[in-house]
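Encoded as structure tokens, the structure appears first; notes follow it.
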Amino acid sequence: MASKNGTESRETKRAGKGPGGSRDTVGRDRVMEVALQLFHKNGYSGTSLKAVADELGISPPALYWYFRSKEDLYVASMEMAMENFLNYVRESITDDDPVFKLSQLVRAHVTWQLQKVEYARAFDLTMSVTGLTAEVPENRLAPVIKMEIDYVEQVRSILRDGVDDGVFAVDDIKTTAFAIITLCEYVTTWYNPEGELSVAAVANRYDGLVRRLVGVASRRTAQPDELTTEP
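Start counting the sequence shown at 11; every next residue gets the next number (this note's numbering).
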């Protein structure tokens with residue numbers, strides 16, 4: 011694969027040929043995407059690097075140019091999924107008003123969950139990711155856990171601002187934040203993409219549910235066609 015300056019990238023050169031001489035370059039991101047799907051489906055112990063390679067249609071040795079071990083692949087995949095989610099949510103928040111800021115967060119969270127199912131089902135934002143496997147040392151997952159904590163704090167911060175401004179009626183900010191995250195997180199358990207509701211319509215309804223949860227019902231709610239763009 012030639013780069014813009016006409017030379018092969020360093021990564022392509024390293025991963026370029028498998029045992030049979032054929033090119034085994036699929037890209038680091040693609041490897042992690044497939045790994046996420048298999049880790050969710052089969053668990054950590056039930057997923058081998060060979061299984062990932064087979065799914066990608068490449069030779070197992072080619073994976074070692076991207077990741078030295080299954081543990082490295084698992085950690086990197088979790089980080090990628092979490093970063094993808096957080097970036098999408100944060101880029102979707104453009105308002106300073108706590109009411110609209112919370113609405114944008116909720117709609118973005120739900121939209122990402124439903125349109126990035128292969129990522130969303132690989133982890134649970136309301137629980138420590140260490141619950142997924144006891145075989146990966148907790149310190150290896152520290153960056154992912156930190157991102158989860160930061161997201162929970164982001165929700166709590168919006169709630170605190172709303173309470174301070176007198177626009178939210180919330181007695182327990184900590185519990186309410188977890189309730190909102192859990193509500194958005196599990197939308198994938200019932201949503202049917204072939205059903206009557208679009209992703210935008212579901213996101214809009216969840217926005218309304220959360221507004222009522224925090225004591226806001228009178229201010230204008232965005233309509234489905236006003237929602238954030240696809241992740």
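For each residue, glycine too, the CB sits at the ideal point set by N, CA and C.
Bear in mind that the values here come from a model prediction, so they are computed numbers and not experimental data.
Cβ-Cβ distance between residue 220 and residue 112 below 9 Å: yes
Selected residue, minimal CA-CA separation from residue 200, among 54, 189, 190, 212: 212
For residue 225, three-class secondary structure by DSSP: coil
Cβ separation of residue 98 and residue 122, assumed to be a contact under 8 Å, to the nearest whole Å: 5 Å
Segment contact flag, the segment 151-159 with the segment 54-71, C-beta cutoff 8 Å, min 3 pairs: no
Classification of residue 147 by the beta-carbon crowding that lies within 10 angstroms, buried from 16 upward: exposed
Cutoff 9 Å: residue 113 Cβ touching any chain B Cβ: Among the chains of the structure shown, chain B does not appear; only one protein chain is present.
Counted within 10 angstroms of its Cβ, other Cβ atoms place residue 224 as buried (16 or more) or exposed: buried
Check whether residue 100 and residue 216 have beta carbons under 9 Å apart: no
Neighbourhood of residue 103 by C-beta distance below 8 Å, restricted to the same chain and skipping five residues each side: 111, 114, 115, 118
Check whether residue 93 and residue 157 have beta carbons under 9 Å apart: yes
8 Å CB neighbourhood of residue 48 in its chain, flanking five on each side removed: 57, 61, 62, 65
Neighbour-count burial assignment, residue 55, 16 or more Cβ in a 10 Å radius: exposed
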